[in-house]
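Student: Following this message is one structure expressed as structure tokens.
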Amino acid sequence: MSIASIPVVPTPSSVALMALAAGPASASELMVGSHPPALGLPHFPTPAQALVWRNWEIVPVERLAAVLETTPAVVMELAGDMGLRLPPQVAPEWLERGYVTLIRANWHLLPYEQLLRLLDWPAKKLADTLREDDFLWNKLGLLKPDCPRLVYRPLTASERAATAALRGVVREHFPTLQDDDTERPFGFLEAMATAPAGLSRSPAAAAAAGGDAFGLRLIYSYSAVYGDPLMTPELDPFPDGLLARLGEVGVNGVWLQGILYTLYPWEAAPEYAVGWETRLRNLRALVARAAARGIGVYLYLNEPRSMPLSFFAGHPNLKGVEFPALGVAAMCTSEPAVLDYLRRATAWLFEQVPDLAGVFTISMSENPTHCHSKNTGQGCPRCAGRPVPEVVAEVNRAIAEGAHRVKPSARVLVWTWAWPLSWASQAVALLPPDVEVMNVSEEALPTHVAGIDGQVVDYSISQVGPGPKASALWKECRERGLRTVAKVQFNNTWECSAVPYLPTFDLVEAHLRNLKAAGVDGLMLSWTLGGYPSPILELLVRPADEVIARRYGAAVASRVRLACRQLSTAFQEFPFHISVLYTAPQNVGPRNLLYAEPTGYRATMVGIPYDDLKAWRAIYPEEVFEEQFRRLSDGWLAGLEALRACRAEVEPAHRAEFDDLERVATAAWCHFRSTFCQIAFVRRRQSQDPKDRARILELLDEEIALARTLHDLARADSRLGFEATNHYAYTLNDLREKVLNCTHLRALLGTS
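Sequential numbering from 38 applies to the sequence shown in our numbering.
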């Protein structure tokens, strides 16, 4: 994830850096931050029942029993008494592909020692994951709640009565819970494993059919595990079925992360390259598989990656600015040996994987790299007097020189992420002529939602680019003869990341039209979210009218088009601001619990919104913020109802595609409407006004209905709630728990 204005921790894709640096050997050494008291879960009779509920069908019963220091039979009894499904249908993928969901679910329940037992991880692995797995420590709030040790004890008579009441709520709202799910969690992986019959077009053929306006169409995997994918090929980031589907909609490039010292046996630190042979072998295999489908593979480089302070004891000349809180220091590019390392390592990469299509770079923000990468260059005596654009340009020049020394045709994309306008032009002027410059299209685009002025930071679909920064830099690049690439998000953004795509055809088509007019040479279609081969991506190769007619049938095409236009219009009501994107509940929807009293917890970055309305609303006054989500959700529902009105006339051959569209649009509405309800609830929860008290009960009822609706959708479609770096935003039991939460609050607030 790219972030600019929120504190960051290092996030290398490989475990090599921190795994070889000094790390915690026990739970007591794991970082805890401010360590405030954990939040209670009063909608469960006991904490032990909350633990069983949240981990049911995710963690084996035997392990739950070990954590609670009881027997599997007791755990089964606890689950059965709450109405959970027996026997449990445990999906083994959770511990490999859903561990972020698992950690988040237990963050307020278990102390580290018991969390490690639940995960069956050593302390070092959890430490590495918190530090490295796409800002996970940030997403959890930069703190570990103080949780008392949780051990099973027999229930009291009053707790047994409360459990019986809980079971009654479950049976009332989820009468089919004991039945098999239509699609199990991670079921989409099976569909993507192999190419479906009938998909035969190459990306070149697909793009040629649509006019081939953009020579590069690059995307990330929908389902990759963030860690070290080249060391775990069994967790294939790009299975053949996904490659085939991406190629069918015109994608001709895919990317994954790379860290040079894990791919190159650097003589200064050969211990950090352990496994390089395996990584390069697996990279060659991926490159060959993708090439067979006309797709190139690119690596994301955020270099030169910082190193642990202990490394510099033997290499003091390489040391730059220190980051004491992280235990690392930058690699000082004023030292020629650092730039020489970048050249040699990149050249080695293309020598070893000659069919690698190229690389793209981020040279500001993200992980500490060169001395100026985190705007702390004044701390280095060698770099303090050097202009930032000079340092940025030399890093990119060294990487390009290494790549082009071996493979002149390799594409080197220099991403201007976090380059301020004050010096971005200077850096572009210093870049070599054989690189391409990539800008976030909509960055710095002025916004005027509800009459409140702002601008786009990060990514947006609701605000259609390009913005002034990208336009100005592309103009300068063309004057220098440099090729240009637009970084865009067409499937989804942090405006709503839990659906595989937002059916906002008009907004995306308008953005594409603007980019064609701007003369952009290529597109990077996603960051780590947005990689699904969707109807929206098909706009790359044919206009929306054709996409809709082909997918949903000529009989309803015009009506579906109008319904989707209503969705686009409604989405423009989204109250855009980076703090809204990162902290408000629209990414988790009904999963976010409601609280009768303020929690005091701050919302975390695309992780746990809590009840932090101040962070959610950012620049918008409370009443405006609430009104915007009302307008968005009401307008979206109008489009959704227009879509549903087409159902009876959809031809059988197009029914599956139409069902998919309706299901995804409905799930998105659940997220938007729930966000509105949560805003309205937090604003009124402490009011004693009878009208507000009555409204609170209405909001709780609506949240129950939304949780049930999304639950039924997610039970039928394993994509809903999933995003590659955050894993599942919610489990089915999370959505059932929201009903328990609202039922409890209804009883509490309805009598207060």
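Beta carbons are placed, not taken as given, at the ideal position from N, Cα and C, and that holds for glycine. Keep in mind it's a predicted model, so treat the numbers as computed, not measured.
If we ignore side chains and look at the alpha-carbon of each, how far apart do Met55 and Ile296 end up?
Tutor: Working through the sequence shown from its first residue, we reach residue 55 at position 18. Working through the sequence shown from its first residue, we reach residue 296 at position 259. Note that Met55 has pLDDT 37, beneath the 50 cutoff, so the model's placement of it is unreliable and no number is given.
Student: In the DSSP output, what is His764 paired with across the bridge?
Tutor: Working through the sequence shown from its first residue, we reach residue 764 at position 727. Looking at the DSSP assignment, His764 forms a beta bridge with Glu760.
Student: Which runs of the beta strand (DSSP E) fall wholly inside the stretch 550-587 and span at least 3 residues, in chain order?
Tutor: Listed in chain order, the complete beta strand (DSSP E) runs (minimum 3 residues) inside the stretch 550-587 are 559-561.
Student: Smallest Cα separation from Val365: which of Gly351, Leu355, Pro345, Ala374?
Tutor: Residue 365 sits at position 328 when you count from the first residue of the sequence shown. The residue with the shortest Cα to Cα distance from Val365 is Pro345.
Student: Among the residues of its own chain, which have a CB less than 6 Å from the CB of Ala59, if the five just before and after it don't count?
Tutor: Within the sequence shown, numbered from 1, the residue matching residue 59 stands at position 22. Annotation note: pLDDT 46 at Ala59 (below 50); position unreliable, coordinate value reported separately. The answer is none, since no qualifying residue turns up.
Student: Whole-angstrom Cβ separation of Val776 and Arg732, contact assumed at under 8 Å?
Tutor: Within the sequence shown, residue 776 is the residue found at index 739, counting from 1. Within the sequence shown, residue 732 is the residue found at index 695, counting from 1. Wrong, their Cβ atoms sit about 19 Å apart, outside the cutoff.
Student: Helix, strand or coil, according to DSSP, for Val477 in the structure here?
Tutor: Counting from one through the sequence shown, the residue named residue 477 turns up at place 440. Strand.
Student: Do Gly395 and Leu355 come within 8 Å of each other at the CB atom, strictly closer than that value?
Tutor: On the sequence shown, position 318 is the one that residue 355 refers to. On the sequence shown, position 358 is the one that residue 395 refers to. Not a contact, by the Cβ cut-off of 8 Å.
Student: Is there a Cβ of chain B sitting closer than 8 Å to that of Glu480, yes or no?
Tutor: Considering every chain present, this structure includes no chain B. It has just one protein chain.
Student: If the criterion is Cβ atoms closer than 8 Å, does the pair Leu280 and Ala327 meet it?
Tutor: To locate residue 280, count along the sequence shown from 1; it is residue 243. To locate residue 327, count along the sequence shown from 1; it is residue 290. Contact: yes.
Student: Can you look up Tyr298 in the DSSP assignment and give me helix, strand or coil?
Tutor: If you number the sequence shown from 1, residue 298 lands on position 261. Three-state DSSP puts Tyr298 in a helix.
Student: Just tell me which of Leu786, Gly77, Phe709 has its CA closest to the CA of Val536.
Tutor: Working through the sequence shown from its first residue, we reach residue 536 at position 499. Cα-wise, what sits closest to Val536 is Phe709.
Student: For the ligand GTP, any of its heavy atoms closer than 7 Å to the Cβ of Leu255?
Tutor: In the structure shown, the ligand GTP is absent, as is every other ligand, since no ligand is present at all.
Student: I believe Val390 touches Val324 by the beta-carbon criterion, under 8 Å. Please report the beta-carbon distance rounded to the nearest angstrom.
Tutor: Numbered from 1 along the sequence shown, position 353 holds the residue referred to as residue 390. Numbered from 1 along the sequence shown, position 287 holds the residue referred to as residue 324. Rounded, the Cβ-Cβ distance is 6 Å, consistent with contact.
Student: Which word fits Cys779, buried or exposed, when buried means at least 16 other C-beta atoms lie within 10 angstroms of its C-beta?
Tutor: Here the question's residue 779 lines up with position 742 in the sequence shown. Classification for Cys779: buried.
Student: Using 8 Å for Cβ pairs, my map puts Phe608 next to Leu669. What's the rounded Cβ distance?
Tutor: Numbered from 1 along the sequence shown, position 571 holds the residue referred to as residue 608. Numbered from 1 along the sequence shown, position 632 holds the residue referred to as residue 669. Going by Cβ atoms, the distance from Phe608 to Leu669 rounds to 7 Å, so yes, they are a contact pair.
Student: For Trp673, tell me which candidate among Ala693, Cys707, Ser410 has the shortest Cα-Cα distance.
Tutor: Numbered from its first residue, the sequence shown carries residue 673 at position 636. Comparing Cα-Cα distances from Trp673 to each of Ala693, Cys707, Ser410, the minimum goes to Cys707.
Student: Please specify which runs of the alpha helix (DSSP H), each continuous and at least 4 residues long, are wholly inside the stretch 122-210, giving them in chain order.
Tutor: Here the runs fully enclosed are 130-134, 136-142, 149-156, 160-169, 173-176, 194-210.
Student: In the DSSP output, what is Arg448 paired with across the bridge?
Tutor: Locating residue 448 in the sequence shown gives position 411, counting from the first residue. Partner(s): Gly395.
Student: For the stretch 309-395, list the alpha helix (DSSP H) runs that are entirely contained and at least 4 residues long, ordered along the chain.
Tutor: The qualifying runs are 313-328, 373-389.
Student: Taking DSSP as the reference, what is the three-state secondary structure of His781?
Tutor: Counting from one through the sequence shown, the residue named residue 781 turns up at place 744. Helix.
Student: What residue does the beta strand (DSSP E) around Val643 start on, and which one ends it?
Tutor: In the sequence shown, counting from the first residue as 1, residue 643 sits at position 606. Premise fails: Val643 is in no beta strand (DSSP E) and is neither H nor E.
Student: Check whether the Cβ atoms of Thr541 and Leu467 sit closer than 8 Å, and answer yes or no.
Tutor: Taking the first residue of the sequence shown as position 1, residue 541 is located at position 504. Taking the first residue of the sequence shown as position 1, residue 467 is located at position 430. No. Outside cutoff.
Student: Need the endpoints of the alpha helix (DSSP H) that Tyr619 sits in, please.
Tutor: Indexing the sequence shown from 1 puts residue 619 at position 582. Looking at the DSSP string, the run of the alpha helix (DSSP H) that includes Tyr619 is 615-620.
Student: Give a yes or no on whether the C-beta atoms belonging to Gln151 and Val104 are separated by under 8 Å.
Tutor: Counting from one through the sequence shown, the residue named residue 151 turns up at place 114. Counting from one through the sequence shown, the residue named residue 104 turns up at place 67. Result yes, Cβ atoms of Gln151 and Val104 sit closer than 8 Å.
Student: For Ser258, count neighbouring Cβ atoms within 10 angstroms of its own Cβ and tell me buried if that reaches 16, exposed if not.
Tutor: Translated into the one-based positions of the sequence shown, residue 258 becomes position 221. Burial call: buried.
Student: Can you tell me whether Leu599 is buried or exposed? The criterion is at least 16 other CB atoms within 10 Å of its CB, across all chains shown.
Tutor: Translated into the one-based positions of the sequence shown, residue 599 becomes position 562. Flag for Leu599 reads exposed.
Student: Going by DSSP, what residue range makes up the beta strand (DSSP E) through Ile792?
Tutor: Nothing can be reported for residue 792, as the shown portion of the chain is limited to 38 through 789.
Student: What residue from Asp170, Arg122, Thr200 has the CA that sits closest to Asp217's CA?
Tutor: Taking the sequence shown and counting its residues from 1, the one referred to as residue 217 is at position 180. For the residues Asp170, Arg122, Thr200, the minimum Cα distance to Asp217 belongs to Arg122.
Student: DSSP beta-bridge partners for Leu293?
Tutor: Position 256 of the sequence shown, counted from the start, is the residue given in the question as residue 293. Leu336, per the DSSP bridge assignment.
Student: Thinking Ile256 and Gly568 are a contact (beta carbons under 8 Å), I'd like their distance in whole angstroms, please.
Tutor: On the sequence shown, position 219 is the one that residue 256 refers to. On the sequence shown, position 531 is the one that residue 568 refers to. Correct: roughly 5 Å between the Cβ atoms.
Student: With a threshold of 7 Å on Cβ separation, who are the neighbours of Arg316 within its own chain once the five nearest residues in sequence on each side are excluded?
Tutor: Locating residue 316 in the sequence shown gives position 279, counting from the first residue. If we look at Arg316 and ignore the five residues flanking it on each side, its Cβ neighbours are Leu267, Met268, Thr299, Leu300.
Student: For the beta strand (DSSP E) holding Lys524, just list the boundary residues, first then last.
Tutor: What you label residue 524 is simply residue 487 of the sequence shown in a count that begins at 1. From DSSP, the beta strand (DSSP E) with Lys524 extends over 520-524.
Student: Please return the same chain residues whose Cβ sits closer than 7 Å to the Cβ of Val98, not counting the five positions on each side in sequence.
Tutor: Position 61 of the sequence shown, counting from 1, holds the residue named residue 98. These residues qualify, in order along the chain: Pro109, Val112, Met113, Pro125.
Student: Please report how far the alpha carbon of Met475 lies from the alpha carbon of Ala481, in whole angstroms.
Tutor: On the sequence shown, position 438 is the one that residue 475 refers to. On the sequence shown, position 444 is the one that residue 481 refers to. Approximately 15 Å, taken between the alpha carbons.
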